[in-house]
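>
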Amino acid sequence: MVRFCKKLLLSFVFIACGHAQEGASGEQFAVKLESSGQRYGTVGCLLLCIGDSPELDVIGKAVKNDLEFTDQLAVEIKKTDTEPDAVLLPKLFNAGTSVCVYLKSGELKNALLPVTVMVKEASSGDELFYKTFDCSVKNSVHASHCITHELFPILTGTQEPVLSTLAYCKQVSPHNKMLCIADYACRKERMLFQSNTINLAPRWHTQAPLLFYSQLTKSKSKLMSFDVKTGRRAVVCAYDGLTMQPSFSQDGSRAVLCMSAGKKGNSELFLYDQRFCSRLGRRVFKQLTNNGGNNASPVILGNDDIVFCSDFETGLPQIYYFDWKKRTVSRLTNGKGYCTAPSYCSATHMIVYNRLVKGVFQLCVMDLADAKHRERQITKGKGNKQEPSWSACGRYVAFSYDGYDEQTSTQATSQIAVLNLASKKIKVLTSGSESKSFPCWINQTYYV
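Throughout the sequence shown, residue numbering follows this note's numbering, covering 613 to 1060 in sequence.
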């Protein structure tokens, strides 16, 4: 595998150099990997579905979608009756194919289709991967994700978020906003429950299959939980005013959330410590901030520090850092403009958040290891990009995106989209007339 990855790297460099010399254009040369500062082309991949199985055709198309999601592979899918012989592989390599992926189906039994997956290097014919998967034909999306989860380390040297789950809100009527979960590419959506209420701001528990969210009424917001395995809903707390946006520690024993506090009705940050409350025998929320501002969107870091949003200094929301040991608060953003909704990635120790730029919400990132707190804007153009959420690997950011219709010069219906930080390409994942918002990513498979 190491040798193959080195060859792919050489192929990347070769294509990039050839592109620069010949002035060629085209989508296959569009990928720019900013992390390394080098320009690469996509790798040619031939995906062969061997045999005459309609179920395999469906799985093959889903595998193709997965492989192309990274913007690193240009995949051509074809059907064939037999596996190509070794003589053909060098010819494919000379024609621009670097790697071949074979899918061959067995006999369908009890809605399970055995699919043998083989990967060969086109230049040498070396076999890089061989495994048989039992694929559920009732869920070809998940079946393809299970296959590509094991292919990506071979093909790209990365572990992609194909087995992760996205939660988000769907506006089904003016007074009814529901919660949905889906696979990472939103190809298989599941509405969690039916309710004539407004449900928003989903947050995942870090250890249990629980999704927390706020349910709005005329006088208060209930903090609710939903068990995605059992379907059980429960009221966590239902105090007057605001109660929402819990962020959980890695072990799941503590949570920081927003709650209304004081006569002003502003929101402050509160801590819930499960172990402490168990010793007391009652539920206690300890107030962490007392600045009189509106404090929101807390995120607990691995060292117990907290990143959050507040308007207590400037009157406009900024991103702040709460030092857990020192109990001090410092501002991360420059104090200018409008910044909201931070999301943290432990893999990169970076945060992503919204900033209002010339009337449009754009996404910005900041490395928390950078003492100078330098900000980098990672999106541009029309269409608001809001409520970002990192993938666990740190290579993708999901967000709500209202796009822009050039023909009518109007904002489009808000959908869930994802930004590939390497290629800088935005993919809109959902569709339809219902507005979607508040995406929240977790590196677990809960949508099945």
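Heads up, the beta-carbon is just placed ideally off N, CA and C, and yes, glycines get one too. What you are looking at is a predicted structure, and each value in this text was computed from that prediction instead of being measured.
Find the nearest neighbour of serine 859 within the set Lys876, Asp885, Gly993, judged by alpha-carbon distance.
Numbered from its first residue, the sequence shown carries residue 859 at position 247. Serine 859 has its Cα closest to that of Asp885, out of Lys876, Asp885, Gly993.
> Between the beta-carbon of glutamine 783 and the beta-carbon of glutamate 987, is there less than 8 Å?
If you number the sequence shown from 1, residue 783 lands on position 171. If you number the sequence shown from 1, residue 987 lands on position 375. For glutamine 783 and glutamate 987, no; Cβs fall outside 8 Å.
> Where does cysteine 798 sit, in a helix, a strand or coil, going by DSSP?
Position 186 of the sequence shown, counting from 1, holds the residue named residue 798. It is coil, neither helix nor strand.
> Quick check on the DSSP output: the beta strand (DSSP E) that includes phenylalanine 1011 runs from which residue to which?
By 1-based counting over the sequence shown, the position of residue 1011 is 399. Phenylalanine 1011 -> beta strand (DSSP E) spans 1008–1013.
> Look up arginine 887 in the DSSP assignment and say whether it is helix, strand or coil.
Within the sequence shown, the letter at position 275 stands for residue 887. DSSP places arginine 887 in helix when its eight states are reduced to three.
> When the Cα atoms are used, what is the spatial distance from glycine 877 to glycine 853?
The sequence position of residue 877 within the sequence shown is 265, counting from 1. The sequence position of residue 853 within the sequence shown is 241, counting from 1. Going from the Cα of glycine 877 to the Cα of glycine 853 covers about 7 Å.
> Alpha carbon to alpha carbon, how far is cysteine 781 from alanine 794? Give it in angstroms, no decimals.
Walking along the sequence shown from the start, residue 794 turns up at place 182. Walking along the sequence shown from the start, residue 781 turns up at place 169. So the two alpha carbons sit approximately 11 Å from each other.
> Tell me the residue span of the alpha helix (DSSP H) that contains proline 765.
Translated into the one-based positions of the sequence shown, residue 765 becomes position 153. Going by DSSP, proline 765 is part of the alpha helix (DSSP H) stretching over 752–767.
> In whole angstroms, what is the alpha-carbon distance linking lysine 841 and phenylalanine 764?
Position 229 of the sequence shown, counting from 1, holds the residue named residue 841. Position 152 of the sequence shown, counting from 1, holds the residue named residue 764. Distance between the alpha carbons of lysine 841 and phenylalanine 764: 28 Å.
> Please confirm whether cysteine 921 has its beta-carbon closer than 8 Å to some beta-carbon of chain B.
The structure shown contains no chain B; it holds only a single protein chain.
> Take tyrosine 1059 and list the residues in its own chain whose beta-carbon comes closer than 7 Å to its own, dropping the five residues that flank it on each side.
Here residue 1059 is taken as the residue at index 447 of the sequence shown, counted from 1. Excluding sequence neighbours, tyrosine 1059 sits near Thr777, Ile793, Ala794, Asp795, Lys800, Arg802.
> Over what stretch of residues does the beta strand (DSSP E) that includes glutamate 739 continue unbroken?
Numbered from 1 along the sequence shown, position 127 holds the residue referred to as residue 739. Counting along the chain, the beta strand (DSSP E) containing glutamate 739 begins and ends at 739–748.
> Run through DSSP, which three-state label would aspartate 979 get?
To locate residue 979, count along the sequence shown from 1; it is residue 367. Three-state result, aspartate 979: strand.
> May I have the straight-line CA-CA distance separating cysteine 889 from valine 896, to the nearest angstrom?
On the sequence shown, position 277 is the one that residue 889 refers to. On the sequence shown, position 284 is the one that residue 896 refers to. Those two C-alpha atoms are separated by around 6 Å.
> Would the segment 1030–1044 and the segment 714–729 be scored as touching if the rule is three or more Cβ pairs under 8 Å?
They do not touch, by the three-pair rule.
> Here's the rule: buried if 16 or more other CB atoms are within 10 angstroms of the residue's CB, otherwise exposed. What is cysteine 1052?
Residue mapping note: residue 1052 aligns to position 440 of the sequence shown, counting from 1. Its Cβ being crowded by 16 or more others within 10 Å, cysteine 1052 is buried.
> Would the segment 993–1004 and the segment 958–968 be scored as touching if the rule is three or more Cβ pairs under 8 Å?
yes
> Taking the C-alpha atoms as reference points, what is the distance between leucine 823 and glycine 737?
Position 211 of the sequence shown, counting from 1, holds the residue named residue 823. Position 125 of the sequence shown, counting from 1, holds the residue named residue 737. So the two alpha carbons sit approximately 47 Å from each other.
> Quick one: give me the first and last residue of the beta strand (DSSP E) that proline 910 is part of.
Locating residue 910 in the sequence shown gives position 298, counting from the first residue. Segment 907–912, the beta strand (DSSP E) holding proline 910.
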